[in-house]
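Colleague: I have a structure here, written as structure tokens, and I will follow up with some questions on it.
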Amino acid sequence: MGIKVDLEKCIGCSLCVRACAQDAIKIVDKKAVIDTDKCNYCAACVEACKKFNAIEIEKEAGAAAAEAANYSHVGVFIEQRGGEIHGVSYEMLGEGRKLADALGEQLIAVVLGHNLNSKAEELVKFGADKVVYYDGPDLENFRDEIYAGLVSSFIDDQKPSIFLAGATAVGRSFIPKVAAKVYGGLTADCTKLEIDVDKKLLLGTRPAFGGNLMATIICPHHRPQMATVRHKVMKPAVKDDHRQGEVIVHKVAEGTVQERTNVIDIVKEVESTVNITEADIIVAGGRGMQKPENFEMLRELAEVLGGAVGASRAAVDSGWIPYSHQVGQTGKTVCPKLYIACGISGSVQHQAGMQSSDYIIAVNTDPDADIFQIANLGIVGNALEVVPALTESFRKALNK
Amino acid sequence: MNIVVCIKQVPGTTQVQINPETGTLVRDGVDAVVNPFDEYAIEEALRIKDRVGGTVKVISMGPPQAETALRSALAMGADEGYLVSDRAFAGSDTWATSYTLSRGIKSLGKVDLIICGKQAVDGDTAQVGPGVAEMLDIPFVAWVRKVEEISGSNIRVERLMEDGYEVIDMPLPSLITVVKEINEPRMASLKGKMRAKKAEIKQLTAADLNAEADNIGLKGSPTQVLRSFVPPKKSGGEKMTGDVADMVEKTVSTILDLNVIK
Ligand SMILES: Cc1cc2nc3c(=O)[nH]c(=O)nc-3n(C[C@H](O)[C@H](O)[C@H](O)COP(=O)(O)OP(=O)(O)OC[C@H]3O[C@@H](n4cnc5c(N)ncnc54)[C@H](O)[C@@H]3O)c2cc1C
Ligand SMILES: Nc1ncnc2c1ncn2[C@@H]1O[C@H](COP(=O)(O)O)[C@@H](O)[C@H]1O
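Have a look at this one:
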């Protein structure tokens, strides 16, 4: 176990030295020397040395590797809230189907809920070869321990080699508990999944450092290889009424799975446009909107376009709009099809939350604002004029 | 009330930049800070202590220099700092980190409440909080935006969801992870800084924790980074200037062509 430099291949070019964020590599006598006291095995040097292929991280295959052979098939967690299947779950079925086909394996969906039989059966039409449905009154709403407990037993029973879930508030809350229980390797918030068919390995690629760095993570020996996947990145499964599959129902009697948390109240935020993580279109405003009343313009444009309103931290901190609308490193990460940034300078932290949007339009008076560096279309102009004019034109164009 | 806050030292985020020529992380002049979400965790612990009394211990797993992060927390008002540090922990992923931290917390004696940040801004995983809760087998609530009530035996919190929030009650000991909305972290006072400078940071090694060798560091970590790379930078497209009506017309037709309006 450890990190090794192949001295035959190393030419002492020091690319690895520059790549290392830990300051762990030095060139001694024209060869790279890695200080393992500082190294955190992030593999940045391995990547930097791609051309010479002189650095290798190796790991012992312990008992886990032998166990891995007993695992096969792709499992996906189906999230439901209030009896409705979450959009991300159809994306997991679509992506899971692709992975299963690449491996020549089955796709197994697990769903937890109450009185959802027809919805569970329908998952077959969305690509599942097998649906495992846990049905009980305790499963109606999300409960951390019950969900983690049952999904862990699902994994123990079915032994999937890959397990996917949406990177939602629910998924990112309890899936790490499942990983802790089953000793699976969990990659958070992936934006891309690939398969190494020969090694049967899942390659999960995800943003880190607020999107400034991408990392591809593997789980060589432990099973399952788990990943939470960001919403709206993968294509949802298409329904096929002719698909056939098996549905297994487990009845879960009330109070039979341990749960120490007690949900007293579930409050939906009143403003219907609040849920920016779900929106296909986001109209966002920053300090350049100048006062709270001007956010009304953004709401109007969002309404005509059928989108939601987002905001920079500066706008939130000024009290112009609640925190639930904040986009960025300390707010929400969004990837809508269209993001319109109005009076937002485009700080690194703001970009961290929106740079993966499909199409970005920026309105800013300052032609040198950073936001223009990532905008597909830039409007150098006063948002207080441009936004109402856009609303007006769309009203006409869309007959609204 | 014995409160433990888990804090991580991360690179000062605003400076995390990529050298455009080499495409690598710029580390010159990057100072290390307390993970921003963990500052909310420290603040909330201090507020709970103000309300019901008790002690606030901060614990961090990391290289020796992570001591600085612990001192920042002490300067804010935390009572004791613990550094979990050992060569054997290098290469830990979130599983091994959760395991190691849970062992560390166990070694601190009776604990009523553990507070973590929502996520660390370097890795952005948000997995260590729930992992620690699972390994300690205590109840857990993520994304806490408000502690409504806390007594000797129970805590009632609000959990931020995508579409609103939920009010949740659970017995202590338990673990919460907190979001930014929960509070406004205080600045360290001069007196706090002086005290923090002199305070002793207790060191915990693999041997102190009685940690299973198979579960720590690179060996105990199921996941492994295969490669890391700088994403292709989005380059700005057309930037329009001039007459508002013209720009608006062009924008409207561009948006209509995207076919995104339902
Ligand atoms: C640890 C940390 C975490 C952070 N997390 C976040 C986060 O999650 N999200 C976030 O957004 N920020 C975050 N920030 C803050 C971030 O650094 C910026 O301060 C913030 O994003 C700036 O918001 P802004 O663009 O609205 O304001 P400013 O930077 O002040 O920009 C205002 C812009 O409006 C333009 N403008 C002015 N008038 C007009 C007009 N009439 N029409 C059009 N344009 C106009 C100006 O040219 C300027 O570019 C964080 C900071 C730190 C240190
Ligand atoms: N090395 C560490 N030492 C102490 N606490 C940590 C460490 N890593 C993560 N945490 C805690 O777990 C939270 C989530 O981190 P992460 O899962 O890395 O995003 C952080 O906000 C910290 O509270």
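Protein chains in written order, with this note's numbering: chain D, 1 to 400; chain L, 1001 to 1262. In this text, a Cβ means the ideal position worked out from N, Cα and C, and glycines have one as well.
Per DSSP, what are the beta-bridge partners of residue 163 (chain D) in this structure?
Modeller: Within the first sequence, the letter at position 163 stands for residue 163 (chain D). According to DSSP, which records beta bridges pairwise, residue 163 (chain D) is partnered with D:75, D:226.
Colleague: Among D:206, D:240, D:367, D:161, which has the Cα closest to the Cα of residue 199 (chain D)?
Modeller: As a working note, residue 199 (chain D) is residue 199 in the first sequence. The option with the nearest alpha carbon to residue 199 (chain D) is D:161.
Colleague: Locate the beta strand (DSSP E) running through residue 246 (chain D), then write down its first and last residues.
Modeller: Counted from its first residue, the first sequence places residue 246 (chain D) at position 246. It spans 246-251 - the beta strand (DSSP E) in which residue 246 (chain D) sits, taken as one unbroken run.
Colleague: Are the stretch 175-195 of chain D and the stretch 1195-1207 of chain L touching, with three or more C-beta to C-beta distances below 8 Å?
Modeller: Because the criterion of three Cβ pairs below 8 Å is not met, the stretch 175-195 of chain D and the stretch 1195-1207 of chain L do not touch.
Colleague: What residues of chain L sit near residue 184 (chain D), judged by a beta carbon separation below 7 Å?
Modeller: For this step, residue 184 (chain D) is matched to residue 184 along the first sequence. Neighbours of residue 184 (chain D) on chain L, chain order: 1222.
Colleague: Please name the residue, chosen from D:27, D:371, D:392, that lies closest to residue 302 (chain D) on a Cα-to-Cα basis.
Modeller: Position 302 of the first sequence, counted from the start, is the residue given in the question as residue 302 (chain D). When only C-alpha atoms are compared, the closest one is D:392.
Colleague: Can a CB atom of chain D be found closer than 8 Å to the CB of residue 1256 (chain L)?
Modeller: Locating residue 1256 (chain L) in the second sequence gives position 256, counting from the first residue. Yes, residue 1256 (chain L) lies at the interface with chain D (some Cβ there is under 8 Å from its Cβ).
Colleague: Check each residue of the stretch 291-321 of chain D: if its Cβ is closer than 7 Å to any Cβ of chain L, include it; give the result in chain order.
Modeller: Those residues of the stretch 291-321 of chain D that come within reach of chain L (Cβ to Cβ, closer than 7 Å) are 305, 306.
Colleague: Pull up the distance between the alpha-carbon of residue 1037 (chain L) and that of residue 1119 (chain L), whole angstroms please.
Modeller: Taking the first residue of the second sequence as 1, we reach residue 1037 (chain L) at position 37. Taking the first residue of the second sequence as 1, we reach residue 1119 (chain L) at position 119. Straight-line Cα distance between these residues: approximately 7 Å.
Colleague: Please report the straight-line C-alpha distance between residue 45 (chain D) and residue 1231 (chain L), rounded to a whole angstrom.
Modeller: Here residue 45 (chain D) refers to the residue found at position 45 of the first sequence. Here residue 1231 (chain L) refers to the residue found at position 231 of the second sequence. Each residue's alpha carbon lies about 16 Å from the other.
Colleague: Is there a Cβ from chain D that is less than 8 Å from the Cβ of residue 1082 (chain L)?
Modeller: Your numbering for residue 1082 (chain L) matches position 82 in the second sequence. No, residue 1082 (chain L) does not count as interfacial toward chain D.
Colleague: What I want to know is whether the C-beta of residue 142 (chain D) ends up closer than 7 Å to one or more non-hydrogen atoms of ligand 2.
Modeller: Sequence index remark: in the first sequence, residue 142 (chain D) carries index 142 (1-based). It does not: the Cβ of residue 142 (chain D) is nowhere closer than 7 Å to a heavy atom of ligand 2.
Colleague: Identify the contact partners of residue 397 (chain D) in chain L, using a Cβ-Cβ distance below 8 Å as the criterion.
Modeller: Taking the first sequence and counting its residues from 1, one reaches residue 397 (chain D) at position 397. What residue 397 (chain D) touches in chain L: 1252, 1256.
Colleague: According to DSSP, simplified to helix, strand and coil, what is residue 1060 (chain L)?
Modeller: One-based indexing of the second sequence puts residue 1060 (chain L) at position 60. Note: residue 1060 (chain L) maps to strand in three-state DSSP.
Colleague: Could you tell me which of L:1206, L:1196, L:1258, L:1035 sits nearest to residue 1074 (chain L), measuring between CA atoms?
Modeller: As a position in the second sequence, residue 1074 (chain L) is number 74, starting the count at 1. Ranking the options by Cα distance to residue 1074 (chain L), first place goes to L:1196.
Colleague: Taking 7 Å as the cut-off, is the beta-carbon of residue 1128 (chain L) closer than that to any non-hydrogen atom of ligand 2?
Modeller: Translated into the one-based positions of the second sequence, residue 1128 (chain L) becomes position 128. Within the cutoff, so yes.
Colleague: In chain order, which continuous runs of the alpha helix (DSSP H) of length 4 or greater are located wholly inside the stretch 1115-1161 of chain L?
Modeller: The qualifying runs are 1128-1136.
Colleague: Which residue wins for smallest C-alpha separation from residue 1214 (chain L), given the options L:1147, L:1089, L:1161, L:1184?
Modeller: In the second sequence, the residue the question calls residue 1214 (chain L) occupies position 214. Taking only the C-alpha atoms, the option nearest residue 1214 (chain L) is L:1089.
Colleague: Taking C-beta to C-beta, are residue 1080 (chain L) and residue 1185 (chain L) nearer than 8 Å?
Modeller: Reading the second sequence from its first residue, position 80 is the one you call residue 1080 (chain L). Reading the second sequence from its first residue, position 185 is the one you call residue 1185 (chain L). Against a cut-off of 8 Å, the Cβ pair of residue 1185 (chain L) and residue 1080 (chain L) comes out as no contact.
Colleague: Would you grab the beta carbon distance between residue 316 (chain D) and residue 343 (chain D) for me? Rounded to a whole angstrom, and I think it's under 8 Å.
Modeller: Stepping through the first sequence from its first residue, residue 316 (chain D) is reached at position 316. Stepping through the first sequence from its first residue, residue 343 (chain D) is reached at position 343. Between residue 343 (chain D) and residue 316 (chain D) the Cβ distance is about 14 Å, and since that is not below 8 Å, they are no contact.
Colleague: Return the first residue and the last residue of the beta strand (DSSP E) that residue 1205 (chain L) is part of.
Modeller: Taking the first residue of the second sequence as 1, we reach residue 1205 (chain L) at position 205. Element bounds for residue 1205 (chain L): n/a, residue is neither H nor E.
Colleague: Mind checking residue 117 (chain D): buried by the 16 CB within 10 Å criterion, or exposed?
Modeller: Here the question's residue 117 (chain D) lines up with position 117 in the first sequence. By the 10 Å Cβ count, residue 117 (chain D) comes out exposed.
Colleague: Quick one: grab the DSSP three-state call for residue 234 (chain D).
Modeller: Taking the first sequence and counting its residues from 1, one reaches residue 234 (chain D) at position 234. The answer is coil: DSSP assigns residue 234 (chain D) none of H, G, I, E or B.
Colleague: For the stretch 327-386 of chain D, list the beta strand (DSSP E) runs that are entirely contained and at least 3 residues long, ordered along the chain.
Modeller: Counting only runs of 3 or more, we get 338-342, 359-364, 377-380.
Colleague: Please give me, in chain order, every unbroken run of the beta strand (DSSP E) with length at least 3 that falls completely inside the stretch 85-145 of chain D.
Modeller: Runs of the beta strand (DSSP E) inside the stretch 85-145 of chain D: 107-113, 130-135.
Colleague: Under the rule that 16 or more other beta-carbon atoms within 10 Å means buried, what is residue 399 (chain D), buried or exposed?
Modeller: Taking the first residue of the first sequence as position 1, residue 399 (chain D) is located at position 399. Under this definition residue 399 (chain D) is an exposed residue.
Colleague: Using alpha carbons as the reference points, say which of D:88, D:11, D:83 lies closest to residue 53 (chain D).
Modeller: Here residue 53 (chain D) corresponds to residue number 53 of the first sequence, with the count starting at 1. Considering only alpha carbons, the answer is D:11.
Colleague: Identify the contact partners of residue 281 (chain D) in chain L, using a Cβ-Cβ distance below 8 Å as the criterion.
Modeller: On the first sequence, position 281 is the one that residue 281 (chain D) refers to. Under the 8 Å cutoff, chain L gives 1260, 1261.
Colleague: Would you mind reading off the limits of the beta strand (DSSP E) that contains residue 322 (chain D)?
Modeller: In the first sequence, the residue the question calls residue 322 (chain D) occupies position 322. Looking at the DSSP string, residue 322 (chain D) is not in any beta strand (DSSP E), and its letter there is neither H nor E.
Colleague: Within 8 Å (strictly less), CB to CB, does residue 180 (chain D) reach chain B?
Modeller: Reference to chain B is not applicable here, since the protein chains of this structure are D and L.
Colleague: Within 8 Å (strictly less), CB to CB, does residue 1111 (chain L) reach chain D?
Modeller: Working through the second sequence from its first residue, we reach residue 1111 (chain L) at position 111. Residue 1111 (chain L) does not count as touching chain D.
Colleague: Compute the minimum distance between the beta carbon of residue 1124 (chain L) and the heavy atoms of ligand 1, and state whether it is under 7 Å.
Modeller: In the second sequence, counting from the first residue as 1, residue 1124 (chain L) sits at position 124. False, no ligand heavy atom lies under 7 Å from that Cβ.
Colleague: At a threshold of 7 Å, does residue 3 (chain D) count as lining ligand 1 (C-beta to nearest heavy atom)?
Modeller: The sequence position of residue 3 (chain D) within the first sequence is 3, counting from 1. The answer is no for residue 3 (chain D).
Colleague: Need the endpoints of the alpha helix (DSSP H) that residue 1246 (chain L) sits in, please.
Modeller: As a working mapping, residue 1246 (chain L) is identified with position 246 in the second sequence. It spans 1244-1258 - the alpha helix (DSSP H) in which residue 1246 (chain L) sits, taken as one unbroken run.
Colleague: If you follow the alpha helix (DSSP H) that residue 1108 (chain L) is part of, which residue opens it and which one closes it?
Modeller: Against the second sequence, residue 1108 (chain L) aligns to sequence position 108. It is not in any alpha helix (DSSP H) - residue 1108 (chain L) carries neither H nor E in the DSSP assignment.
Colleague: What in chain L is Cβ-close to residue 401 (chain D), meaning under 9 Å?
Modeller: There is no way to answer for residue 401 (chain D), as the model of chain D reaches only from 1 to 400.
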